[in-house]
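Trainee:
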Amino acid sequence: NAQSDPSVIHFNDPKWSNMWYIQCGDKSSRCRSGMNILAAWQRGYTGKNVVVTILDDGIEKNHPDLAQNYDHLASYDVNGNDHDPTPRYDSRNENIHGTRCAGEVAAAANNSHCIVGIAYNAHIGGIRMLDGDVTDLVEAKSLGVRPDYIDIYSASWGPKDDGKTVDGPGLLTKQAFEQGIKKGRKGLGSIFVWASGNGGRQGDHCSCDGYTSSIYTISISSTTENGNKPWYLEICSSTLATTYSSGEFNERKIVTTDLRHRCTDGHTGTSVSAPIVAGIIALALEANLLLTWRDVQHLLVKTSRPVHLKADDWKTNAAGLRVSHLYGFGLVDAEAMVLEATKWRTVPPQHTCSQMPERRSRYIHAGERLNSSITTSGCSEEPEQHVGYLEHVVVKVLIVHPRRGDLEINLISPSGTRSQLLNKRLFDSSNEGFRNWEFMTVHFWGERAEGTWTLEIGDSPSKQRNPEVLGNLKEWTLILYGTSQNPNQPYSAQHSRSRMLEIPAPEEILVESELEEEDEYNSPCHSECGDQGCDGPDTDHCLNCVHFSSGSLKSGRTCVSHCPLGHYEDIASRRCRRCYKGCEGCVGRSAGNCLSCRRGLYLNTLNSSCIDTCPPDYFADENQRQCLRCHDTCMRCLWSADRCTACSRGYSLAGMTCVPECTNGTFFHLEEMTCSPCHSSCRTCTGPGKEECIQCAEGYLQQEWRCVPTCSPGYYSGEAAGVPHNMCYRCEENCLSCSDPGTTCTRCKEGYSLVSRTCIVNASCNNADEVFCEMVKSNRLCGKRLYRQFCCRTCLMNG
Amino acid sequence: VVSGHVYTNHWAVRITGGQEQADRIAAKYGYINFGQIGSLEDHYHFHHSRVVRRAAYSLKGPHSFIHMDPEVDWAQQQVVKPRVKR
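Structure below.
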């Protein structure tokens, strides 16, 4: 429990002091254990160069607290089929959700606006896809936006939580998930963060939400300031970790940006938690850009901890990990995440062991429990499928049942750990049963896979049912995901470049020495023997060689037609001579004569030498064992020419891509991949339109979402912190023109008259007797907008 | 028809042979090809403006023949999936 010193970091953002969940953890705070976000910042991680996007109903890209970090390359409008994710504004404020989520991730720091995001230097974008018919196609499109550019996708939505829905990603969306995992982030795997299944109703179980039950999504739940279970939280075996969120009316809330350039503490539920974890993962990615999607999940499992979170089902699994259905592995720890990330070694490859389905059809008797077992070796006989250490476990079931909500399903591992895959759902009276529905649990993380797994199904009717109609377990399949080796043991040196030169195999070892003189021999010689004959039938009996001689007296001299690896053919002396150390093929003895290198070394084409670290502008190509030049926009790259870790002048890094730094007055045009001019009224912008300014050009002022030469009637000009231009602020209500600082109206709208510099409705009243007017004036009601209609005009006009 | 479903006038189709091939087949049945679906190769988003935007059941018509076209590996009329914010 790292004790950060909050006094060290203080931002001037107005809601900074309300952000208890960031400053939590110090002695004076009511919440006992923090998420250690401050500590992570103090280590210098703020999400730089990491790209996060919010899949929701849009994002207000020119919100003063989002504009600075807004990235239009991480945005798209699937509902409108264009590149502008701005939400649709309406009187009921339906589309506030995305902007609220975005602020939690990357609201700018110290800009005197609203709050500070968890990764306040990350790129933030939005994919507008909830404000219209959401279909499988819409979801698949949303999850497939620029996977090589966007690192983290955060989603705080899902199927209805009415306690009777069973729904999840459709065919296309499942493919989009798999595509993102396999190819996203140039092979490292896109990161999908999902709010665990609540929606403001009770009586549901989030294993019926197919998004949080996917092994590809990181499902996050919530706890309140006091570590209690929020009223809305659903238990779930697939929940990985937890963050603070809103709770009871007397517990403090989460503050974030709101639509219409505002601030709010009305963002609640697990909608809060997913973006918080997205921000924390951004800090970890900044610490180590090479983390794969599974590395991130392992990091969360390793660093999250139960602290004071109250749950009656905390248990320790056989790998020694504490886990609960409410909170997964516990409260996230940002500092631990970034510390682990800096020294993290990629976990071994994921193996999938899918057992043959158990197809014996079994009746489920009401009021009883049915047990069905599968024994597995963890596919140890198949090296490529062998799962020795578990990550996710999936159970796919085919159950016929008259009333699905009466079912409870548990899975017990060979080590005896019990995970509840489904709880009863009082509102679910569906007779559809479960048709190949996949339940997922993370409770067996790190346990050994082999042994007997038991599926336990309980049926306890909550209403009168026809006793003759029984439920039936038709089939179930056990699918184990994990690694064959222990992921906590060092596996790959992929991250560490400290590989030593490999010790050559015995047949390659040659000691540098001059060849001995030859002996006499009369019987037939080997064809490689030269004209001086031989003293035996083999090539090592030759007195001289037709082509080349190789080896030495100590290891044995032999004649060869071609020299072995690590040697070059010395034509003059007809001898195989050793290359410089590290060279596999060469044309001479010196370091600059290499043609190819041994495993672990790479050919530097600049000087034909073998090195273990390529020079700047080059990357080590594993296949060719050669240093190849990075893409011309990259100054440094890894694994391929376009996986950049540093950019050339004029480009800036986003993820592992270098995009042009457009100068002021221009923006990066996606289609043309060049910088295009902004509207003349903009200093910086996100697009060519006059409503796409971020900052206004000289001589212009920002009014609402535009840059105007002069303020319109009803506005007055004033300074704005953090921007190089003035703003047009709205005069008070009903005022047509006012003078600075906006409280002194000089002209009113029609129907109002100016009285003591405010606009009073032109109504006069007939109850303005002495007493009433005295009350109005003594209480200064006319100074309060709400009370101005209280005969102010009459009372004030009459002195 | 599945009760409670809302059918839209958008389709997801899988057609090998590239964008032009997809455009040709779209035009053949009166659809407009909105392009590839994200990074899903050979999967395209088709829209049919003459099919009602939302319906309680899947309307049949000349556009339905796309399901039987030998050059179309797979076609799915899109259904509205109710989604709630968490």
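Line by line, the protein sequences are chains U and S.
Taking our numbering, I'd label the letters of the first sequence as residues 1 to 799.
Taking our numbering, I'd label the letters of the second sequence as residues 800 to 885.
Virtual Cβ for every residue (Gly too), placed ideally from N, Cα, C.
Output needed in chain order: residues of the region 183-203 of chain U with a Cβ under 9 Å from some Cβ in chain S.
Mentor: Cβ contacts with chain S: LYS183, GLY184, TRP194, ALA195, SER196, GLY197, ASN198, GLY199, GLY200 and ARG201.
Trainee: Which residues share a DSSP beta bridge with CYS542(U)?
Mentor: CYS542(U) is bridged to CYS534(U).
Trainee: Along the region 848-879 of chain S, where does the CB come closer than 9 Å to a CB of chain U? Name the residues.
Mentor: For the region 848-879 of chain S, which is checked against every Cβ of chain U, the residues closer than 9 Å are ARG852, ARG853, TRP873, GLN875, GLN877, VAL878 and VAL879.
Trainee: Whole angstroms are fine: how far does the CA of VAL166(U) sit from the CA of GLY210(U)?
Mentor: Computed Cα separation, rounded: 8 Å.
Trainee: Output yes if chain U places a C-beta closer than 8 Å to the C-beta of THR807(S); else output no.
Mentor: By this cut-off, THR807(S) is an interface position.
Trainee: Look at the alpha carbon of GLN297(U) and the alpha carbon of SER142(U), and state the distance between them as a whole number of angstroms.
Mentor: Taking the straight line joining both Cα atoms gives about 22 Å.
Trainee: What residues in the region 828-847 of chain S have a beta carbon less than 8 Å from any beta carbon of chain U?
Mentor: If the cut-off is 8 Å between Cβ atoms, the region 828-847 of chain S has PHE833, ILE836, GLY837, SER838, LEU839, HIS842 and HIS844 near chain U.
Trainee: Short check: CB of LEU283(U) to CB of SER33(U), under 8 Å?
Mentor: No, these two residues do not count as a Cβ contact at 8 Å.
Trainee: Going by the C-beta, is SER596(U) closer than 7 Å to any heavy atom of the ligand SAM?
Mentor: Of the ligands one can find in the structure shown there are none, so the ligand SAM has no counterpart to examine.
Trainee: State the DSSP-derived secondary structure class of ASN734(U), mapped to helix, strand or coil.
Mentor: ASN734(U): coil per DSSP, three-state reduction.
Trainee: What residues match up with LYS884(S) in a beta bridge as DSSP calls it?
Mentor: Its beta-bridge partners are TRP157(U).
Trainee: From the DSSP output, which residues share a beta bridge with ASP621(U)?
Mentor: DSSP lists GLN626(U) as partners of ASP621(U).
Trainee: Flag ARG823(S) as yes if its beta-carbon sits less than 8 Å from any beta-carbon of chain U, otherwise no.
Mentor: Not an interface residue.
Trainee: Compute the distance between the beta-carbons of LEU300(U) and TRP344(U), then report whether it is under 8 Å.
Mentor: Not a contact, by the Cβ cut-off of 8 Å.
Trainee: Counting beta carbon pairs with one atom in the region 120-128 of chain U and one in the region 252-267 of chain U, are three or more of them shorter than 8 Å?
Mentor: Touching, no, given that fewer than three Cβ pairs across the two stretches are closer than 8 Å.
Trainee: Taking ARG404(U) as the reference, which of SER415(U), ASN423(U) and GLY416(U) has the closest Cα?
Mentor: For the residues SER415(U), ASN423(U) and GLY416(U), the minimum Cα distance to ARG404(U) belongs to ASN423(U).
Trainee: DSSP has ILE836(S) in a bridge; who is on the other side?
Mentor: Answer is LEU839(S).
Trainee: One question on the structure: do PHE329(U) and VAL338(U) come within less than 8 Å of each other, judged by their Cβ atoms?
Mentor: No. Outside cutoff.
Trainee: State the beta-bridge partners of ARG636(U) as determined by DSSP.
Mentor: Per DSSP, ALA646(U).
Trainee: Which of the three DSSP states, helix, strand or coil, is assigned to SER863(S)?
Mentor: Note: SER863(S) maps to helix in three-state DSSP.
Trainee: DSSP on TRP476(U), reduced to helix/strand/coil?
Mentor: Correct three-state label for TRP476(U): strand.
Trainee: Measure the C-alpha to C-alpha separation of ARG305(U) and TYR232(U) and round it to an integer number of angstroms.
Mentor: Whole-angstrom Cα-Cα distance: 22 Å.
Trainee: Determine the direct distance from the alpha carbon of GLU358(U) to that of THR452(U), and round the result to whole angstroms.
Mentor: Straight-line Cα distance between these residues: approximately 13 Å.
Trainee: Can CYS685(U) and PHE667(U) be called in contact, C-beta distance under 8 Å?
Mentor: In contact: CYS685(U) and PHE667(U) (Cβ atoms closer than 8 Å).
Trainee: Let me know the beta strand (DSSP E) ranges lying completely inside the region 360-436 of chain U, each 3 residues or longer, listed in chain order.
Mentor: 362-364, 369-376, 389-400, 407-412 and 418-422, all fully within the region 360-436 of chain U.
Trainee: CA-CA distance, HIS72(U) and GLU60(U)?
Mentor: HIS72(U) and GLU60(U): Cα-Cα distance of roughly 12 Å.
Trainee: Let me see if you follow: with CB-CB separation under 8 Å, is ALA889(S) close to chain U or not?
Mentor: Residue coverage of chain S in this structure runs from 800 to 885, which leaves residue 889(S) outside it and unanswerable.
Trainee: Of all the options VAL393(U), THR483(U), LYS463(U) and ILE281(U), which has the alpha carbon lying nearest to the alpha carbon of THR346(U)?
Mentor: Checking every option, the nearest Cα to that of THR346(U) belongs to THR483(U).
Trainee: Any C-beta of chain S sitting closer than 8 Å to the C-beta of TRP314(U)?
Mentor: With 8 Å as the cut-off, TRP314(U) does not count as an interface residue toward chain S.
Trainee: So, for ILE150(U): in the same chain, excluding its five sequence neighbours on each side, which residues have a beta-carbon less than 6 Å away from its beta-carbon?
Mentor: These residues qualify, in order along the chain: VAL51, THR53 and ALA74.
Trainee: When the cut-off is 8 Å and only beta carbons count, does PRO147(U) lie next to chain S?
Mentor: Chain S contact via Cβ: present.
Trainee: Once the 5 residues before and after ARG823(U) are set aside, which same chain residues still bring their CB inside 8 Å of it?
Mentor: Because chain U here runs from 1 to 799, residue 823(U) falls outside it and cannot be looked at.
Trainee: Count Cβ pairs between the region 406-426 of chain U and the region 445-465 of chain U that sit closer than 8 Å; are there 3 or more?
Mentor: Segments in contact, yes.
Trainee: My assumption, with CB atoms under 8 Å, is that ARG882(S) sits in contact with THR270(U). Please give the rounded CB distance.
Mentor: Not quite, the Cβ-Cβ distance comes to about 14 Å (not below 8 Å), so this is no contact.
Trainee: Check ALA282(U) in the structure and name its three-state DSSP category.
Mentor: In this structure, ALA282(U) counts as helix in the three-state DSSP scheme.
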